[in-house]
Structures are given as C-alpha cells and as structure tokens.
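Worksheet for the structure shown next.
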Amino acid sequence: MLSTNIKKELISIVGDRYYFDDQEALITHSYDATPMYQSMPDAVIFPGNVEEVSAVMKVCTKYRIPIVARGAGSNLSAGTVPVEGGLVMVMTRMSELEEIDEENLTATFQPGLITKKLHEEVEKRGLFYPPDPGSMVVSTLGGNIAECAGGLRGLKYGTTKDYIIGLEAVLPSGEILKTGGKLTKDVAGYDLTKLLVGSEGTLAMVTKATVKLLPLPEHKRVLLALFDDLYAAARTVSKIISAKIIPSSLEFLDNATIRVVEDYAKIGLPTDMAAVLLIEQDGPEVIVSRDMERIAEICREEKAAEVKLAQSEEEGVQLMTARRSALSALARLRPTTILEDATVPRAQIAPMVEQINKIAKKYGIQICTFGHAGDGNLHPTCMTDARDHEEIERVEKAFEEIFDAAIRLGGTITGEHGVGLAKAPYLEWKIGKTGIEVMKGIKRAFDPHGLMNPGKIFAKETRRRVVLDDVATH
Amino acid sequence: MMSQLTEKLKLTLDYDELTNCMRCGFCIPACPTYRETGLEAASPRGRIALMKAAVDGLMDPDEGKLRDQLNLCLGCRACEIACPSGVKYGHLLEQARDVLEEKVEYPWWIEKIRTLVFRYLFPSQRKLQLLGSLMAFYQRSGLAAAARKLGLLRFLPKQVRDMEAILPKATGKGVVEQLGTIIPAKGEKVATVALFRGCIMDVLFTETNKNTVRLLTEAGCEVIIPSDQNCCGALHAHSGQRNLAKELARKNVEVFYEAGVDYIVSNAGGCGAMLKEYDHLLKDEELGEKAKWFAERVKDISEILIDIAPLKIKGTMNRRVTYQDSCHLRNVMKVSSQPRKLLRQVDQLEYKELFEADRCCGSAGIYNIIQPEMSMSLLDHKMENVSKTKADVIVTANPGCLLQMKLGVHREGLSDQVETVHIVDLIAEAIELEKKMKEEGSGCGCEHHKKEDKSA
Ligand SMILES: Cc1cc2nc3c(=O)[nH]c(=O)nc-3n(C[C@H](O)[C@H](O)[C@H](O)COP(=O)(O)OP(=O)(O)OC[C@H]3O[C@@H](n4cnc5c(N)ncnc54)[C@H](O)[C@@H]3O)c2cc1C
Ligand code: SF4
Ligand code: SF4
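As you go down the protein sequences, you meet chains A and B in turn.
The opening residue of the first sequence carries number 1 in the working numbering; numbering runs sequentially from there.
The opening residue of the second sequence carries number 475 in the working numbering; numbering runs sequentially from there.
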C-alpha cells in the first residue's frame, strides 16, 4: 500500500475514479497470461492522457515507486507481473485511433487501442496493418509495441518493429520523448523508435504511436499439405523460399498437435502424419495463383501425402481452422498450458522439432509443437498441471534444454513473446555478458533509478547453461 | 485462521475449472460489464481470478468485494463462447454465488422480493396464476390507471415503476386451462413434443404459449403439456439458491420423463438453457440418468421449426424487423441461426441484423431490478444500435429480453413507433395474415405486390 500522501498526489492527477488500491484491484492486476506467476502491486492507476502519465511518472520518481505498464495483460513472459510491487499503470483508457492518413499511408493512435480494432478500421479503407498476433482480439497496440509482437504474417511482412515509425513516450522523469514521425526515411541519430519497440516497458511508457500502412492485398489463397516425414515438411519450407516465393503465412503443426486438434475439432486430419503445413499467399490474383501452383508442385516433389488447395477464400478460412483450433484444443487437454516460443533459423526446424520431442520424452512430459515455420518461430506447448510440483520441475528442466537446443541451432530463447520475467535467467545465454552490459547501460540512460518494470529482462541470477548429452548437428 | 466462508468456497468451487483458466483474456472483449467499467475485476478473467484468490486464501471473501463483482456479472455467458480453454464460467459463478448468498444482507425491499419470489411464488404455478388474476384485475379494473393518477407508485423504486408501466396484460388462466394437455398434430405427425410452459411465461405471456402450441401442431407435432411441471429454477440457480433450483429440477425431470416424448420444447431462452443443464445440476443424484435423458431432449422452439419439423406455412408480413439474441439461447443452447432463418422465411418481411445482437441487453433475470445502473447503461447502448436498424419491430426469444426491450422503447418514448414481440407471436401473426390473404382470393394483387417487393 502506498502512503496516504502519495496516494493523495496520485489521485489529484487522475481523480479517484481511476486510482485503486482495494483488494480486488490488486489481485486482478497481479497476473497476466503467463502461467504460474503472480505478485501483488501496491496500487493500480488508469491515466487518461499523456499529461497525466507524465505527472504520475514524476510522483513515482520522487518517491522511487516501481512502475509496471499494462495493456491487456495477454503477454506470455510475465511481463506485467509486478514482482517488486509498485504501481501498475493500465493504458486501456488511452485507446483513441487519432488518425488514418491516406496520403502518407500512416495511422496514429494511443497505446490502449485493441490490435484488432486497428485492423478493422484500416481495412475499411482498403489499407493493411500486417502484424497479427494470435491474441489480437484482446491485446493492445502498446503491448504489441513493447513486446515487438509477431504473428502469422511475420514471414512476408515482418513484425511490429517493421511498422512503427514514430513514437511518443514518457520517461520515468516525466519528460516526454518523441521519436521518428510519418517518415519512411530518417537517420537522425540512433534509432530510438526501434529501441523502444520490444523494450518491454523497461525504458519508457509509450503514449502514442505512428505506424506505416500497406495497401490491402486483393486476394488470398490457402493450401494444406500433409507429410509423413518431418524432414520432408521442413525441406518443403526451405524449397519454397529458395524458389523465391515468400508466402504470407507458412504454418506448421507437428504430429502430437495434429492428433490433439483432430480429436477436438474432428476436421478430418489424418493422425498418422508427421507434420502439416498450412500455406497462405496474398496479392494480385494472377500472382497468387501462380505461386500456389508452384508451391503445390514443390509439396508433391517432396512427397507430401496429400495437397489440398482451397478453391475459394471461404474454403481457405476452413483450412485455416486447423491452425486456429490448435491452441483451443491443446488448452482443453490439461489444466495448465505453457506456450513457449523458441525460434530457430528455418532450415533448422526439423532438427529442432526432433530435439523437442526427444527432450519431452526424456522428462516424461507432453509437448506439442506448432508455429510459424516460415520464420522458424516454433511454439513448443506443454500441457501440464501447475499443482503437480514434481511434474512442473521436470517441465522447467525440459524447457531449459529446449532453449539451449534452440541457441545451439543458431536460434533464440524467444521469437515474439519477449524475455520478461519468465525468460530473464536465459537471456545471457543468447546475448552474452557484453550484450547484457550494453543493454543495462541503455536502461540506465532512460531509467537511472531502475523504476520501469523492475525484475524484467535482466535477471538477478543467470541459469547455468545445461549441457545436452547429444545435440543434433544436422 | 481460515474464515468459514473461505472454507466453504474451497469445498464448493470446482478447483479444476478454476485452474483451467489460462488467463489469456480472450473472454474479455465479449464481456458487457468489462466494456462498461473497463475494469479487469469486472471481466470474466478477473472474476475467475478473484474466485481463485478467495479459495487460495489470497483474498478475504468476507470483505464483500468478491460478492459485489459476482453480483455485477450478468451471467450472460458470452465469455464461455469466447474461451479457448472451454472454462465453464457459468458453473463457477453459480457455485460461488451459492456460497456467498448465505451471508448477504440486501436492502429490505430486495430481501422481501427475493423471499416472495424464490420461496413462495415461483415454485407454485397455482400461486403464480393467482397473482396473475390479481394483476389482471389491477390492470383491467382501472385500478392501475387510478394508482398512476394518484401518484401512488412514486413510493416504489424507479426501476420497479418503469417495469409496472410496460408489463403485459396478465391472466390467471394458463395454457393448459385454455388448450388442455394433449393437442394433436395437424396433418401427418412428425414428432411428439412436450411443451415447457414456464412460470411467468404462462401468466404474462399465455398468448405466446398458445401460439407456440399452434406453430408446433402446424408443423406436425403432437403437443403434450404436462400439467404438473413447474418453474425451471433458473432464477434460483443464478441467485445462489441452488438447493431450491435442484428441487424444482427434480420435479420437472420426473414429470417429463413420465410423458415419454421425443423433445421437450421451450420458448424462453433463459428457461431452455437451464433445462438443458439439468444433467449438470443433478449429476450427483439418483436422478442423474433421467436428467441426462431430459437434457438431451430440450430444444428451443425455433430449432424444432427449422431443423426437426419444418414449418409448412411461411407467413407474410410487411414490416422491417430486427432480432435481439437471448444470451442463454445463444451462448448456452447454441441457437442463433434458427430464429434468424425463421424470420427470413416470412414473405415481405425485411430483416435487418442488429449490430451486436449477441450482446446482453441487461435484462438477465432480475438483474435489471437489482443492478439498475449497469442494466440501464447496457440498455442505452442496445437502443442506440436498434435505432440504427430503423426497424419497426424488435423480435426476441425470451420473456426477460422482451420486457427489457419494451422498457428500452418506453424509455426512449418510442412506444408508438416500435413494437417488441416474441418471435413465436410474430410468426403466428404472419401465418394468420397469409391465411387471410389467401381467403380474400388471389385477385387482391398481393402476389404482384410480393414480386415487386422482392426485386426491390
Ligand atoms: C493465446 C495467446 C496467443 C498469443 N499469440 C501471440 C502471437 O501470435 N504473437 C505474439 O507476438 N504474441 C502473442 N501472444 C503474446 C501477447 O499477446 C503479446 O505479447 C501482446 O503484444 C501483449 O499485448 P498486451 O496488450 O496484452 O500487453 P501486456 O501483456 O499488458 O504487456 C506486455 C508488455 O508490454 C508492456 N507495455 C504494455 N503497454 C505499454 C505501454 N503503453 N508502454 C510501454 N510498455 C507497455 C508491459 O509492461 C509488458 O511488459 C499471445 C498471447 C496469448 C495469450
Ligand atoms: S478466455 Fe477462458 S482461459 Fe482465457 S482468461 Fe477467459 S476464462 Fe480464462
Ligand atoms: S457471464 Fe457475461 S457479464 Fe458475466 S463475466 Fe461472462 S461475459 Fe461478463
């Protein structure tokens, strides 16, 4: 609980309707979508504009109160869990879509805007904002920016950082920082815009953003290919790309996932297949048709057991059901679902999936893997039960080995969910001591008192690297 | 030391179900109370977290905040449809309310209404009919007009006064008294169905019950109306009176099982959803198997008329119509396309989809009386969307929603322009019109009229 004085100061900024420190508010801001993490804040505040954000930050700096930014709390790295208490600043009141500039092809909005809303609004005007995290019905753009969220279209269109071109952010001191603008080209000094994207609320509070937009692709088509050999599926992915085709989505489901999805959704997937690829292309109709034919050909060359080309957009949507039901199906299996996002160069997908399966077997746990094959971003997902402490310990060890395997294959510990709290102990494995020191230096420049989202990204202790007895060297 | 309430919650709440929530937040955009308040605690994810915190001993359930949040929940169950993990939020809500209810202190008048309604009135159809007769007398004798004139009603809370103004004409004679207990099918018999007549439904909407029978027989159903049936218990279950709900359920299961029909038909989304979950409510009881038999047979009237015994006459009606979903019909019974199909079948009827028709209108049982503020702000949004459809008829499929929409129209001062009707009554009227037109002969130009209208 904050002292009466501080509370008064904060209430005088936002009004008593937007400051809470009762039991229910604290409990409901003690968690996010990450399983097994929970910690109470001291208070929760809902600022309504940038001036209020700035004034609140000043109070926090004066009294050295930790500040945790929160959008929808849908992140999967415990990024909004207030491990050191302090103030949770919820940005959902600031959700205005300020402008869609059809001449410059940009949109400017406040951070609390729901991702899906932006999609809908720009698409009404024949424009396109590609980043589409699976959580977009609930996630906020502020959260997307802070996590540099990716999505199904990452392969062709990139992720959030490729679209943010201007930001307004408030430093812990209360000063307002403006970066970039409606410009396509801008090399005036360090790229602070890109630095803030993916900074996980540890540097500054984002209060406004400008993104670039694209014309909405005219046409879309989907193809489903089934493989009884994991390596053939992986080779298909590489072959498609080396045939100079970049599909808008290239999704992958492994055998374990296929079985669970089929069991749940009964959509006629053969459960004896090693892998399913779901491939979508968008663009002008002739090009889409040409690409899809070539892709189907490649699938057949790689001996796909079956290749299904959707004849219409509706049929495409139906095929995509498989991918969309994956999480639902998995989540219903057991009480706790741990969704990770180990990422490898796409050529390493097959060895990575084999590693994951081997590790799961070794620890006697159930892991299904699906994900964005096109960009190597895999989601090994473990179905477990948080109440079974012995099993959870095995799960943790298994994931430790999975991260290690990903790094050995030239990959990373997280492709889109961020480091947060959950993966902080592994960050040094990926970026090394020098990397950590440079990052800490940057953090000090923005946040000298360490108030912004403390405990995130930088762990007090780094895990020792596990030594795998046998790592694939394909 | 653990409080008694914590202990009770621990015993009652399904901890597996609480753990099944992976806190992804997908349910949040679907929740009307979250949209109104912007508060996580007023969202499904938040409420589940609060229940879990209470069970885990992180939160003191005696403090009242948990109960406040659960009371603010409409129980519309839109969150369940959105949830990838399949969390049965409705069951958790009922279980928690059941425990918390034991210790509540309501304002005196709510307390009075509750006792009257739950323990005395609802379980007895006879008493309800008696009340119906009294109300009919009040409404028709000029007493109502006099009471209004004399300002006697001003002693009642505003929300009750508003309700008084829009209540339909009551009657003391229900559907059985008027039609008997067995009504044969017209033409070839397709199925035998039992009508669940409802409690309030049968007193305030007897005409709708009669029309339901009429549509069913028209579609080839033999209709049986077991006269010993009673209230479904939905209001009890949603207000933390689970034991009373179970009592009512047991009786209904026995009575309908006895009747041995193909389907049990409901024309009220709220009741239908309750009936459909009897197997869950009575799962640990001897009656379990029979309850399952019962639950499997429950269908909404629109499901029967579209999927099972398609209505032969489509009807005709020259109106602009929109449809408000009943949350329980949509989210629990999973019936949303059939009512729309029924409406679209009607010749000349112009159907206009209502933006956010799937959002709760704020009626939610007796929610509009206990939580007037939230209820009315939801209704205001609803009426804004309704006015955008420019419809002159609002169709619903549940008496609670029907009254709420009437209230909305009344509050906007549009009672003269916009009509609110139960879907069954609208279809029955359309059929009546069609018949009339046919009787008047084909020379009236209506065929021509129809064609013209369709091409427009
Ligand atoms: C089922 C499911 C599917 C998902 N699918 C994807 C996916 O496909 N791709 C993907 O990338 N992610 C995915 N995620 C993860 C998550 O949805 C994203 O990380 C998302 O960007 C989080 O947005 P949010 O609004 O919920 O942010 P929050 O979870 O509230 O916050 C995330 C981080 O951003 C910070 N933050 C929030 N707002 C601001 C602000 N205004 N200024 C500064 N910092 C801020 C927070 O402090 C925190 O560190 C998924 C999550 C779930 C549960
Ligand atoms: S959608 Fe389901 S799993 Fe997700 S937070 Fe809501 S109840 Fe929990
Ligand atoms: S039942 Fe309705 S009001 Fe209650 S939490 Fe679910 S969506 Fe919200």
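Heads up, the beta-carbon is just placed ideally off N, CA and C, and yes, glycines get one too.
Remember, it's a predicted structure, so these values are computed and weren't measured experimentally.
Contact list for residue i against chain A, beta-carbon separation under 8 Å
{"i": "Gly943(B)", "result": "Because chain B in this structure spans residues 475 to 930, residue 943(B) falls outside the shown range and cannot be described."}
{"i": "Gln543(B)", "result": "Glu24"}
{"i": "Lys493(B)", "result": "It is worth fixing the name first, because residue 493(B) is Thr in this sequence and not Lys. Going along chain A in sequence order, the residues near Thr493(B) (Cβ under 8 Å) are Pro335, Thr336, Asp385, Ala386 and Arg387."}
{"i": "Lys539(B)", "result": "Asp22, Gln23 and Glu24"}
Buried or exposed by the 16-neighbour rule on C-beta atoms within 10 Å, applied to residue i
{"i": "Trp582(B)", "result": "exposed"}
{"i": "Gly919(B)", "result": "Per-residue confidence for Gly919(B) stands at a pLDDT of 45, beneath the threshold of 50, marking its modelled position as unreliable; the derived number appears in the next sentence. By the neighbour-count rule (16 or more Cβ atoms within 10 Å), Gly919(B) is not buried but exposed."}
{"i": "Ile338(A)", "result": "buried"}
{"i": "Leu876(B)", "result": "buried"}
{"i": "Thr414(A)", "result": "buried"}
{"i": "Pro535(B)", "result": "buried"}
{"i": "Ala188(A)", "result": "exposed"}
{"i": "Gly734(B)", "result": "exposed"}
{"i": "Val14(A)", "result": "buried"}
{"i": "Glu568(B)", "result": "buried"}
{"i": "Asp758(B)", "result": "exposed"}
{"i": "Asp16(A)", "result": "exposed"}
{"i": "His712(B)", "result": "buried"}
{"i": "Arg635(B)", "result": "exposed"}
{"i": "Val286(A)", "result": "exposed"}
{"i": "Phe611(B)", "result": "exposed"}
{"i": "Val44(A)", "result": "buried"}
{"i": "Gln703(B)", "result": "buried"}
{"i": "Met1(A)", "result": "exposed"}
{"i": "Pro380(A)", "result": "buried"}
{"i": "Met879(B)", "result": "buried"}
{"i": "Arg153(A)", "result": "buried"}
{"i": "Leu10(A)", "result": "buried"}
{"i": "Thr4(A)", "result": "exposed"}
Residue i - partner residues in DSSP beta bridges
{"i": "Thr337(A)", "result": "Met383(A)"}
{"i": "His884(B)", "result": "His884(B) is not bridged to any residue."}
{"i": "Thr369(A)", "result": "Pro380(A)"}
{"i": "Met452(A)", "result": "Ile67(A)"}
{"i": "Ile176(A)", "result": "Val170(A)"}
{"i": "Met89(A)", "result": "Ile45(A) and Ala69(A)"}
{"i": "Val772(B)", "result": "Ile738(B)"}
{"i": "Asp821(B)", "result": "Thr790(B)"}
{"i": "Leu278(A)", "result": "Leu224(A) and Glu251(A)"}
9 Å Cβ cut-off: residues of chain B touching residue i
{"i": "Phe69(A)", "result": "Note that residue 69(A) is Ala in the sequence shown here, rather than Phe. Near Ala69(A) there are no residues of chain B at all, since even the closest Cβ is about 15 Å away, more than 9 Å."}
{"i": "Asp32(A)", "result": "Arg497 and Gly499"}
{"i": "Arg259(A)", "result": "Near Arg259(A) there are no residues of chain B at all, since even the closest Cβ is about 18 Å away, more than 9 Å."}
Interface partners of residue i on chain A, CB under 7 Å
{"i": "Gly520(B)", "result": "Thr28"}
{"i": "Ala742(B)", "result": "The contacting residues do not exist; Ala742(B) stays about 30 Å from chain A at best."}
{"i": "Asp490(B)", "result": "Pro335"}
Cβ pair residue i, residue j closer than 7 Å
{"i": "Cys706(B)", "j": "Leu749(B)", "result": "yes"}
{"i": "Leu409(A)", "j": "Val344(A)", "result": "yes"}
{"i": "Glu510(B)", "j": "Ser851(B)", "result": "yes"}
{"i": "Arg235(A)", "j": "Glu302(A)", "result": "yes"}
{"i": "Glu280(A)", "j": "Thr271(A)", "result": "no"}
{"i": "Lys440(A)", "j": "Glu200(A)", "result": "no"}
{"i": "Lys663(B)", "j": "Gly714(B)", "result": "no"}
{"i": "Leu853(B)", "j": "Gly836(B)", "result": "yes"}
{"i": "Leu500(A)", "j": "Glu306(A)", "result": "Outside the shown range of chain A (1 to 474) lies residue 500(A), about which nothing can therefore be said."}
Under 7 Å by beta carbon: chain B residues contacting residue i
{"i": "Leu327(A)", "result": "Pro558"}
{"i": "Pro35(A)", "result": "Met496"}
{"i": "Ala225(A)", "result": "Chain B residues near Ala225(A): none, gap ~25 Å exceeds 7 Å."}
{"i": "Ser74(A)", "result": "Cys498 and Gly499"}
Closer than 8 Å at the beta carbon, the chain B residues around residue i
{"i": "Val138(A)", "result": "Cys498, Gly499, Phe500, Ile502 and Pro503"}
{"i": "Arg17(A)", "result": "Ordered by position in chain B, no residue passes the 8 Å Cβ test against Arg17(A), which lies about 10 Å from the chain."}
Exercise. At which residue ranges does the stretch 839 to 866 of chain B contain complete alpha helix (DSSP H) runs of 4 or more residues, listed in the order of the chain?
Worked result: Entirely contained in the stretch 839 to 866 of chain B, the alpha helix (DSSP H) runs reaching 4 residues are, in chain order, 841 to 844 and 846 to 863.
Problem set entry | Any alpha helix (DSSP H) of 4 or more consecutive residues that is wholly inside the stretch 210 to 251 of chain A | The alpha helix (DSSP H) runs of length 4 or more contained entirely in the stretch 210 to 251 of chain A are, from start to end of the chain, 230 to 242.
Problem set entry | Contained alpha helix (DSSP H) runs [length at least 4] in the stretch 669 to 727 of chain B, N- to C-terminal order | Runs of the alpha helix (DSSP H) inside the stretch 669 to 727 of chain B: 674 to 678, 680 to 692 and 708 to 712.
For this session: Ignoring anything shorter than 4 residues or poking outside the stretch 539 to 599 of chain B, list the alpha helix (DSSP H) runs there in chain order.
Result: Runs found: 539 to 546, 552 to 556, 563 to 575 and 582 to 588.
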